[in-house]
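K.L.:
Here it is, the structure in full.
Residue numbers (my numbering), protein chains in the order written: chain A, 122 to 425; chain B, 122 to 425.
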């Protein structure tokens, strides 16, 4: 018998390079790096690590390169994440983002999809789908994500679709509408919601509830909003962090917190409160997989 | 007794990230990485590896961070380079350059000095000076480089100064004139020569021979020029590569080839021919430490 997971996460596992500089260089010049950090990241990596820390049995499905760092792999194993479907692809690079910020907090980013592009050529990673109750389909190739959603739905799993920033540059109206039709929950932020409505030619965000049963929209430091096809529509207030150091991974922690409540069969408002609480821990330190709270930490911050 | 080296090299040992993209991103946008390579680099690392491959007993003095890759360290050991003075500095980063090229071959670079900045705080790395006949002082902190030159000269070593691109942004007229006064040989390219003359307020490049005994100017694919205070002044023709793939490290290979001739007590024209031949191997593959020729390879290409 295969392991029973509550959550199966599809998406990027990445090694991100975060640099700060004084000003962006003109072409054919160099600029000194003031600070440079390498972070374990990727939305799926972040989410799986947060969920596992909250005690949610989690499987992670992704593709990395043969340059994938041993210490990242050890870290994921240490969190007891089911890594059956975390595959190393020979001759490919681990996905990576190089993010460069100037002294005025403007950023430029360089996104390397690396091994994840091999999704187009590989068979479906079925273990993560089949062993989980909830399948969270994050970033990745649209055709692959569609197959994941279809199998998950056929296996009667709860399916969440969460293309994140890739809605802007990986999806188009056609591929997006194909995938969201196979999903039960849609996660997005405000700018992603706009694009989703444009792709589906919908005037109101509520109209998305003709396609999915639940719409979860994060609205930055103002918290989030949850709408359901059953007519629920409420705002989830943000949870106060001790200090805001770096918002990387806040959205991923939010999702992990949400699922930790769902696993305990809590109601939507409680799931939202746990989500906000988990996010508030994520922003208190650099990186998307640091300052990991336990279930008790998050529960206390959510419910006092 | 300590090991006898012919060449002692001071400068950067770095891990470089080379990316190609379509076009440079505007602030607050991302751009997809088409290709990304991580290369063992740093001018001192490149030079030491080439020199050792040519059979020159070589010591390497540099500072790296605790993120220094094991495989780079193994590679340097495998080349039998004397690594007594290659120090890992806790809590510092390995020097790195992130170089990004667009589809029109324009580049922007982000330079992380990392651990090398600790030179300002650490005692002199004397082994590399004391065990070598020739001390090559490349990139690094000006005050530290000055101390290296002074000790090397006191120990009656032949001293070469080679600040490379750092002449533009690390040195000023004062620090540059202090260091070059302690050197016997000055290496540069044409734009660095201009800056050197400006710093020293010299009208003609030949006037540098009032300060050093030998001036070696690389002039890209047109070869190089060698001038001495004894009145020699000749051009070294370039050596034809089988194909030109990437010019990274060509200058470092040139210097290694030059020293390989000097070690065999060859005359300057012969040293120059070996230098050009070594450089021609460096440009035939990506990276500054690949396609390493043996002494026989270089000798054959230089002299037929």
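Just so it is clear, CB atoms sit at the ideal spot from N, CA and C, and this is done for glycine as well. What you are looking at is a predicted structure, and each value in this text was computed from that prediction instead of being measured.
(1) For residue 349 (chain A), which residues from the same chain have a beta carbon less than 8 angstroms from its beta carbon, with the 5 sequence-adjacent residues on both sides left out?
(2) Which residues mark the beginning and the end of the beta strand (DSSP E) in which residue 222 (chain A) is found?
(3) How should residue 294 (chain B) be labelled, buried or exposed, when 16 other C-beta atoms within 10 angstroms of its C-beta is the threshold for buried?
(4) Can you give me the start and stop residues for the alpha helix (DSSP H) that residue 311 (chain A) sits inside?
(5) In three-state terms, what does DSSP make of residue 274 (chain B)?
(6) Do residue 285 (chain A) and residue 249 (chain A) have their C-beta atoms within less than 8 angstroms of each other?
(7) Assuming residue 321 (chain A) contacts residue 298 (chain A) (C-beta within less than 8 angstroms), just tell me the rounded distance between them.
(8) Rounding to the nearest angstrom, what Cα-Cα distance links residue 253 (chain A) and residue 172 (chain B) in this structure?
(9) Give me whichever residues DSSP pairs with residue 208 (chain B) in a beta bridge.
(10) If you follow the alpha helix (DSSP H) that residue 419 (chain B) is in, where does it begin and where does it stop?
(11) Is it the case that the Cβ atoms of residue 153 (chain A) and residue 218 (chain A) are separated by a distance below 8 angstroms?
(12) Residue 240 (chain A) and residue 197 (chain A) - do their beta-carbons sit closer together than 8 angstroms?
(13) Determine whether the Cβ of residue 233 (chain B) lies closer than 8 angstroms to any Cβ atom of chain A.
(14) Please confirm if residue 153 (chain B) has its CB atom under 8 angstroms from at least one CB of chain A.
(15) Does DSSP classify residue 300 (chain B) as helix, strand or coil?
(16) What distance in whole Å lies between the Cβ atoms of residue 230 (chain A) and residue 220 (chain A), which are believed to be in contact at a cut-off of 8 angstroms?
(17) Can you grab the Cα-Cα spacing for the pair residue 391 (chain A) / residue 141 (chain A), in whole Å?
(18) Let me know if residue 364 (chain B) comes out buried or exposed under the rule of 16 or more other beta-carbons within 10 Å of its beta-carbon.
(19) Contact between the stretch 394–410 of chain A and the stretch 342–362 of chain A: three or more CB pairs below 8 angstroms?
(20) Cβ closer than 7 angstroms: which chain A residues qualify as neighbours of residue 145 (chain B)?
(21) Pick from B:182, B:317, B:144: whose alpha carbon is nearest that of residue 129 (chain B)?
(22) Kindly indicate if chain A contains any beta-carbon less than 8 angstroms away from that of residue 310 (chain B).
(23) Within 10 Å of its beta-carbon, does residue 332 (chain B) have 16 or more other beta-carbons around it, so buried, or fewer, so exposed?
(24) Whose C-beta lies closer than 7 angstroms to the C-beta of residue 401 (chain A) among residues of the same chain, with five residues either side of it excluded?
(25) Since residue 140 (chain A) meets chain B, which of its residues come closer than 9 angstroms, beta carbon to beta carbon?
(26) Looking at residue 210 (chain B) and residue 176 (chain B), is the spacing between their C-beta atoms short of 8 angstroms?
(27) Would you list the residues sitting across from residue 279 (chain A) in a DSSP beta bridge?
(28) I'd like to know if residue 227 (chain B) contacts chain A, where contact means its C-beta is closer than 8 angstroms to some C-beta of that chain.
(29) Taking a contact to mean a Cβ-Cβ separation below 8 angstroms, would you say residue 304 (chain A) touches residue 270 (chain A) in this structure?
(30) With a threshold of 8 angstroms between beta-carbons, can residue 173 (chain A) be considered close to chain B, or not?
(31) Going by DSSP, what residues sit across from residue 136 (chain B) in a beta bridge?
(32) Answer with buried or exposed for residue 386 (chain B), where buried requires no fewer than 16 other C-beta atoms within 10 angstroms of its C-beta.
(33) Can you have a look at residue 289 (chain B) and say buried or exposed, based on whether 16 or more other CB atoms are within 10 angstroms of its CB?
(34) Checking 8 angstroms against the spacing of the C-beta atoms, do residue 267 (chain B) and residue 232 (chain B) come in under that value?
(35) Would you kindly work out how many angstroms separate the C-alpha atoms of residue 374 (chain A) and residue 169 (chain B), rounded to a whole number?
(36) Out of A:166, A:383, A:344, point me to the one whose CA is closest to residue 279 (chain A)'s CA.
P.N.:
Reading off the structure:
(1) Cβ within range, chain order: 330, 334, 335, 336, 389.
(2) Per DSSP, residue 222 (chain A) belongs to the beta strand (DSSP E) from 217–222.
(3) So residue 294 (chain B) ends up on the exposed side.
(4) Here the alpha helix (DSSP H) through residue 311 (chain A) covers 311–321.
(5) Of the three classes helix, strand and coil, the one that applies to residue 274 (chain B) here is helix, per DSSP.
(6) Cβ distance not < 8 angstroms, so residue 285 (chain A) and residue 249 (chain A) don't count as in contact.
(7) 6 angstroms between Cβ atoms; contact.
(8) A direct Cα-to-Cα measurement between residue 253 (chain A) and residue 172 (chain B) gives close to 57 angstroms.
(9) Listed as beta-bridge partners of residue 208 (chain B) by DSSP are B:184.
(10) Element bounds for residue 419 (chain B): 416–424.
(11) No.
(12) Contact: no.
(13) Closer than 8 angstroms to some Cβ of chain A, the Cβ of residue 233 (chain B) qualifies, so yes.
(14) Interface residue, yes.
(15) When DSSP states are grouped into helix, strand and coil, residue 300 (chain B) belongs to the helix group.
(16) Rounded, the Cβ-Cβ distance is 5 angstroms, consistent with contact.
(17) Spanning the two alpha carbons is a distance of roughly 38 angstroms.
(18) Residue 364 (chain B) should be labelled exposed.
(19) Under the Cβ criterion (8 angstroms, minimum of three pairs), the stretch 394–410 of chain A counts as touching the stretch 342–362 of chain A.
(20) Correct list: 148.
(21) Nearest of B:182, B:317, B:144 to residue 129 (chain B), Cα basis: B:182.
(22) Under the Cβ criterion of 8 angstroms, residue 310 (chain B) is not counted among the residues facing chain A.
(23) Taking all protein chains in view, the Cβ of residue 332 (chain B) is crowded by 16 or more other Cβ atoms within 10 Å, so the residue is classified as buried.
(24) Only 360, 361, 362, 422 meet the Cβ criterion.
(25) Going along chain B in sequence order, the residues near residue 140 (chain A) (Cβ under 9 angstroms) are 219, 231, 233.
(26) No, the pair does not count as a contact, with Cβ atoms beyond the cut-off.
(27) Note: residue 279 (chain A) sits in a beta bridge opposite A:255.
(28) Chain A contact via Cβ: present.
(29) Contact flag set, yes.
(30) So no, residue 173 (chain A) is outside the interface.
(31) According to the DSSP secondary-structure assignment, residue 136 (chain B) is paired through a beta bridge with B:161.
(32) By the 10 Å Cβ count, residue 386 (chain B) comes out exposed.
(33) Exposed, since its Cβ has fewer than 16 Cβ neighbours within 10 Å.
(34) By the CB criterion at 8 angstroms, residue 267 (chain B) and residue 232 (chain B) fall outside the cutoff.
(35) When the Cα atoms are used, residue 374 (chain A) and residue 169 (chain B) turn out to be separated by approximately 47 angstroms.
(36) For residue 279 (chain A), the closest C-alpha among the options A:166, A:383, A:344 is that of A:383.
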